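I have placed the structure first, in the form of structure tokens, so that the comments after it can refer back to it.
2 protein chains.
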Amino acid sequence: MPLKKRRVKLEDIARKLNVSIATVSRALDENPRVKLSTREKVLKMAKSMGYMPNQIAKSLSSGKTNIIGVIIPRYDEPFFIEVCRGIDDYAREHNYKILISSSRNSFEFERDNLIAFERGLVDGIILSPTHETEIFTHIKNVIQQGIPVVLFDNIREEVQGADHVLIDDDKASFNAVEFLIKKGKKNIAFIGGIIEKKVFQDRFKGYLEAMKKYNMTIREELILHCKSLDREYEDIEIQNFFNNIPIQPDAVFACTDNYGLLSMKTLLKSGYKIPEDISVIGFGDLGLGEVYVPSMTCIAQPTYVMGQKAAELLIKQFNEPNEPHLKNVIKLKTKLVLRDST
Amino acid sequence: MPLKKRRVKLEDIARKLNVSIATVSRALDENPRVKLSTREKVLKMAKSMGYMPNQIAKSLSSGKTNIIGVIIPRYDEPFFIEVCRGIDDYAREHNYKILISSSRNSFEFERDNLIAFERGLVDGIILSPTHETEIFTHIKNVIQQGIPVVLFDNIREEVQGADHVLIDDDKASFNAVEFLIKKGKKNIAFIGGIIEKKVFQDRFKGYLEAMKKYNMTIREELILHCKSLDREYEDIEIQNFFNNIPIQPDAVFACTDNYGLLSMKTLLKSGYKIPEDISVIGFGDLGLGEVYVPSMTCIAQPTYVMGQKAAELLIKQFNEPNEPHLKNVIKLKTKLVLRDST
DNA sequence: TTTAATAATACAAACGGTTGTATTATTTAA
DNA sequence: TTAAATAATACAACCGTTTGTATTATTAAA
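Protein sequences, first through last, are from chains A and B. Under our numbering, read the first sequence as residues 624 to 965, first letter to last. Under our numbering, read the second sequence as residues 624 to 965, first letter to last.
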């Protein structure tokens, strides 16, 4: 193992060629201010000496890091990973890298991550707030520093100066439930999550709206708002719900993919035939819905596109540094992916 | 929206308090060289002015970015995401951030990412080589620059100077197949992947070893080496295999989670009862195996721990900058998670 | 007191680039 | 040939920190 060699820098090249650092810098930039023959000499020498520009020095000097900071609530959810893919692809095409941080579903972590990014590490931030996040001063602070911010997914409150990328939860649910109704379903169960959360409120709202529009009876006994955050306990809640249900539902609209799958699991165990006896629709089209037997009909979110859009909005902000930037709000459409469970 | 304000820097604080920049810097560092009363003044002023240190300047000056670069072949594989979680948790505890890059399963991208990291953005690199990666000069270059490197998962060849974190594929397969044999299975099918790849070679090796040890007849007709890289085509290959199989297998050992699930899907469709007629074991414990009906017995890899170990080794390298660093190789144990499919 | 020792602070170089301006070399026009 | 115009390059400040050394203020010892 050879000794670690000191990095080659502009100065080293300059000295060897007996030119100034400035000339070397410009030559490497293909700046027309340096003579062609000089440029070639410099490029050749740089190559032969194994020159690697120092990104940190560049950033300090230019005030740009070409890094986008991304904060997601968790890594182990395909939804966020897909969004990150979208961000990454778009970013890479525009010469940006992404620095992903997980807030571990904790407000504290979210704030800490934001503060870390605020230290000049990133040119802008794409953030999906945790469900815990109720105040937004930490985000507003960042914006006030002049750092561009784009929010996506779980947005409880619009933030002045930040762009927003959302899906239309309300409408998506409405469409799914409408679809069930039009198929002639009478007793459509609703499986939602903690009702304090905006997502679940909106999805519930869509359910109610569709039911009302078609004059369906809304039965409390067919509605479950899961309270648990823990996967394991969700399972139990859903089992209890279906095992003690006083009316036989003929359809289930579940507010997450997992709720849908857990429902199917329980229903199959109880002897229901899917889709003969009962139809099931889940929300979100990632993970297991497709390979499960039977495969599950889902509301597909344009996850990847969401990431792309977020990156696009952010980079747009980079390129118009003349404030004040107000906000763009993009609402993306979902679509119903029909499978065996309906 | 107020105007973007210029960032507060040490100089601003220094000027206000009529002290030198050095003193301010040291005061914020709690350096005992500054008087307590001065330090307090500085801290107070820094806070009231909303001072945020500039990470880039710090990095340039200190030569440390406190960022770990991570390169994985793809985002949309739970395996890598879990490893990243492990890396991130360990890194965060030791005051490092991670910058994740995907090589999109392409050697070119892998090399490009590596070069980007080489520009001084990261203090060290954790890399899982793509299946395409056959030469390692790009990695050796990085190591020669004195940048610590840890490799994990798909390592075809040990690289001098880099640490390695692996699982014992051979033994894991051996154990799984041995388990099936001990359950009295006679016709154990093997579903592997492209046999040129080291992983699949090792897993096949484990299968053969177990079969030989227990004097089982090895039948070519029960062995499939999938050729496809494409999920969709995998499905077809596996369907064809089982639909045309001349002998009824009573067990399947599949080299990936997905192969296992696809096998189950096909077998169920063909009327097999699992586990009554046939047992199935998959490799990898992430994703669907658990929720599938029936749930699938799997070889669980210590994915999260793998990430932690990788981060640990890397940070260890940071702390012993006296070369030459040779290499550490860590082989992690798997375990068989029993479920309904066996 | 006056000096020596030490505490507190200031100065300035360094990290490795970028970029505006000054300077020198070369070409063009008179 | 020489002045003016322009091309090529050099100089030096700057980005915001850290840190070794020099300087000044304070305290302790003689």
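Cβ coordinates follow ideal geometry from the N, Cα and C atoms, glycine included. Remember, it's a predicted structure, so these values are computed and weren't measured experimentally.
message: Quick check: is the beta carbon of A934(A) nearer than 7 Å to any beta carbon in chain B?
response: Indexing the first sequence from 1 puts residue 934(A) at position 311. For A934(A), the answer is no, since every Cβ of chain B falls outside 7 Å of its Cβ.
Contact under 7 Å by Cβ, R662(A) with A645(A): Sequence index remark: in the first sequence, residue 662(A) carries index 39 (1-based). Sequence index remark: in the first sequence, residue 645(A) carries index 22 (1-based). Result no, Cβ atoms of R662(A) and A645(A) do not sit closer than 7 Å.
L852(A), buried or exposed, once every other Cβ within 10 Å from all chains shown has been counted against 16: Sequence index remark: in the first sequence, residue 852(A) carries index 229 (1-based). The residue in question, L852(A), is exposed, as its Cβ has fewer than 16 Cβ neighbours within 10 Å.
- prompt: Between I721(A) and D711(A), which are expected to be in contact by the criterion C-beta below 8 Å, what is the C-beta distance as a whole number of angstroms?
  reply: Counting from one through the first sequence, the residue named residue 721(A) turns up at place 98. Counting from one through the first sequence, the residue named residue 711(A) turns up at place 88. The beta-carbon distance between I721(A) and D711(A), rounded to whole angstroms, is 5 Å. This is short enough to meet the 8 Å contact definition.
message: Using a 10 Å radius around the Cβ and a threshold of 16 neighbouring Cβ atoms, would you call I758(A) buried or exposed?
response: Within the first sequence, the letter at position 135 stands for residue 758(A). So I758(A) ends up on the exposed side.
query: So, is D880(B) buried or exposed, given that buried needs 16 or more other C-beta atoms within 10 angstroms?
result: Reading the second sequence from its first residue, position 257 is the one you call residue 880(B). Burial call: buried.
message: Please identify, using Cβ separations under 8 Å, the residues of the segment 683-710 of chain B that lie next to chain A, in order along the chain.
response: Listed by position along the chain: L683, T688, I690, Y698, D699, P701, I704, E705, C707, R708.
- prompt: Closest by CA to K763(A), which one among K932(A), D746(A), G912(A), E741(A)?
  reply: Indexing the first sequence from 1 puts residue 763(A) at position 140. When C-alpha distances from K763(A) are compared across K932(A), D746(A), G912(A), E741(A), the shortest belongs to E741(A).
task: Tell me whether H761(A) sits in a helix, a strand or coil according to DSSP, three-state version.
output: Working through the first sequence from its first residue, we reach residue 761(A) at position 138. Shown here, H761(A) sits in a helix according to DSSP, grouped into three states.
- prompt: Taking Cβ to Cβ, would you say F730(B) is nearer than 7 Å to T760(B)?
  reply: As a working mapping, residue 730(B) is identified with position 107 in the second sequence. As a working mapping, residue 760(B) is identified with position 137 in the second sequence. Not in contact: F730(B) and T760(B) (Cβ atoms no closer than 7 Å).
- prompt: Taking Q767(B) as the reference, which of P947(B), L959(B), V960(B) has the closest Cα?
  reply: Taking the second sequence and counting its residues from 1, the one referred to as residue 767(B) is at position 144. Proximity to Q767(B) across P947(B), L959(B), V960(B) peaks at P947(B), based on C-alpha coordinates.
query: Along the segment 890-920 of chain B, what residues have a CB closer than 8 Å to any CB found in chain A?
result: If you check each beta-carbon in the segment 890-920 of chain B against every beta-carbon of chain A, the ones closer than 8 Å belong to L891, G910, L911, V914, Y915, V916.
message: Using only the alpha-carbon positions, how far apart do V1026(A) and K828(B) sit?
response: Limits of chain A in this structure are 624 at one end and 965 at the other, which puts residue 1026(A) out of reach.
message: Taking a contact to mean a Cβ-Cβ separation below 7 Å, would you say I811(B) touches A874(B) in this structure?
response: To locate residue 811(B), count along the second sequence from 1; it is residue 188. To locate residue 874(B), count along the second sequence from 1; it is residue 251. A contact, by the Cβ cut-off of 7 Å.
field: Cβ neighbour criterion (16 or more within 10 Å) applied to I859(B)
entry: On the second sequence, position 236 is the one that residue 859(B) refers to. Classification of I859(B): exposed, given that the 10 Å Cβ count is below 16.
message: Can you tell me where the alpha helix (DSSP H) holding V745(A) begins and where it ends?
response: On the first sequence, position 122 is the one that residue 745(A) refers to. First-last for V745(A): undefined, no H or E at that position.
Limits of the unbroken alpha helix (DSSP H) element including T926(A): Indexing the first sequence from 1 puts residue 926(A) at position 303. Here the alpha helix (DSSP H) through T926(A) covers 926-941.
message: Pop quiz: A833(B) and F797(B) are said to be a contact at Cβ under 8 Å. What is the actual Cβ separation, rounded to whole angstroms?
response: Taking the first residue of the second sequence as position 1, residue 833(B) is located at position 210. Taking the first residue of the second sequence as position 1, residue 797(B) is located at position 174. Between A833(B) and F797(B) the beta-carbon gap is near 5 Å, inside 8 Å, which marks them as a contact.
Buried/exposed call for E857(B), threshold 16 Cβ in 10 Å: Residue mapping note: residue 857(B) aligns to position 234 of the second sequence, counting from 1. By the neighbour-count rule (16 or more Cβ atoms within 10 Å), E857(B) is buried.
- prompt: Helix or strand or just coil, what does DSSP make of G907(A)?
  reply: On the first sequence, residue 907(A) is found 284 positions in, with the first residue counted as 1. Correct three-state label for G907(A): coil.
task: Kindly indicate the opening and closing residues of the alpha helix (DSSP H) around G883(A).
output: For this step, residue 883(A) is matched to residue 260 along the first sequence. Element bounds for G883(A): 880-892.
query: The beta strand (DSSP E) spanning L852(B) covers which residue range?
result: Along the second sequence, read from residue 1 onward, the residue named residue 852(B) stands at position 229. Bounds of any beta strand (DSSP E) do not take in L852(B), whose DSSP letter is neither H nor E.
field: Neighbouring residues, chain A, relative to N677(B) (Cβ below 9 Å)
entry: Translated into the one-based positions of the second sequence, residue 677(B) becomes position 54. Chain A residues near N677(B): L683, R742, G743.
query: With distances taken from CA atoms, which of Q678(B), R715(B), F823(B), D908(B) is nearest K850(B)?
result: Looking up residue 850(B) in the second sequence gives position 227. Looking at the Cα atoms, F823(B) is the closest of the given residues.
message: Which residue wins for smallest C-alpha separation from E634(B), given the options K658(B), P676(B), E653(B), V657(B)?
response: As a position in the second sequence, residue 634(B) is number 11, starting the count at 1. Closest in C-alpha terms to E634(B), from the list K658(B), P676(B), E653(B), V657(B), comes P676(B).
- request: Look up L831(A) in the DSSP assignment and say whether it is helix, strand or coil.
  value: Locating residue 831(A) in the first sequence gives position 208, where the first residue counts as 1. Reduced to three states, the DSSP call for L831(A) is helix.
task: Under 8 Å Cβ to Cβ from K835(B), same chain only, skipping five residues before and after it: list those, please.
output: One-based indexing of the second sequence puts residue 835(B) at position 212. For K835(B), where only same-chain residues beyond five positions count, the Cβ hits under 8 Å are I841.
Selection of the segment 722-737 of chain B by Cβ proximity to chain A, strictly under 8 Å: Under the 8 Å Cβ criterion, the segment 722-737 of chain B contributes L722, I723, S724, S725.
query: Whose CA, out of G747(B), L744(B), S751(B), lies closest to the CA of S725(B)?
result: As a first step, residue 725(B) is located in the second sequence; it is residue number 102 there, counting from the start. Looking at the Cα atoms, S751(B) is the closest of the given residues.
query: Are at least three pairs of beta-carbons, each pair with one atom in the segment 782-796 of chain A and one in the segment 946-962 of chain A, less than 8 Å apart?
result: Under the Cβ criterion (8 Å, minimum of three pairs), the segment 782-796 of chain A counts as touching the segment 946-962 of chain A.
query: Which residues, in order along the segment 656-673 of chain A, keep a beta-carbon less than 9 Å from a beta-carbon of chain B?
result: Residues G673.
query: Along chain A, which residues have their Cβ under 7 Å away from the Cβ of L884(B)?
result: As a first step, residue 884(B) is located in the second sequence; it is residue number 261 there, counting from the start. Within chain A, the residues near L884(B) are V914.
message: So with CB distances below 9 Å, who are the chain B contacts of K888(A)?
response: The residue labelled residue 888(A) in the question sits at position 265 within the first sequence. Within chain B, the residues near K888(A) are V914, V916.
query: By the criterion of Cβ-Cβ separation under 9 Å, what are the contact partners of A785(B) in chain A?
result: For the purposes of this step, residue 785(B) is taken as residue 162 along the second sequence, with counting starting at 1. What A785(B) touches in chain A: nothing, since even the nearest Cβ is about 11 Å away.
message: Among the candidates A637(B), Q678(B), L961(B), whose CA atom is the shortest distance from the CA of K664(B)?
response: Here residue 664(B) is taken as the residue at index 41 of the second sequence, counted from 1. Comparing alpha carbon positions, the residue from A637(B), Q678(B), L961(B) closest to K664(B) is A637(B).
Reduced DSSP secondary structure (H/G/I, E/B, other) of I818(A): Looking up residue 818(A) in the first sequence gives position 195. The answer is coil: DSSP assigns I818(A) none of H, G, I, E or B.
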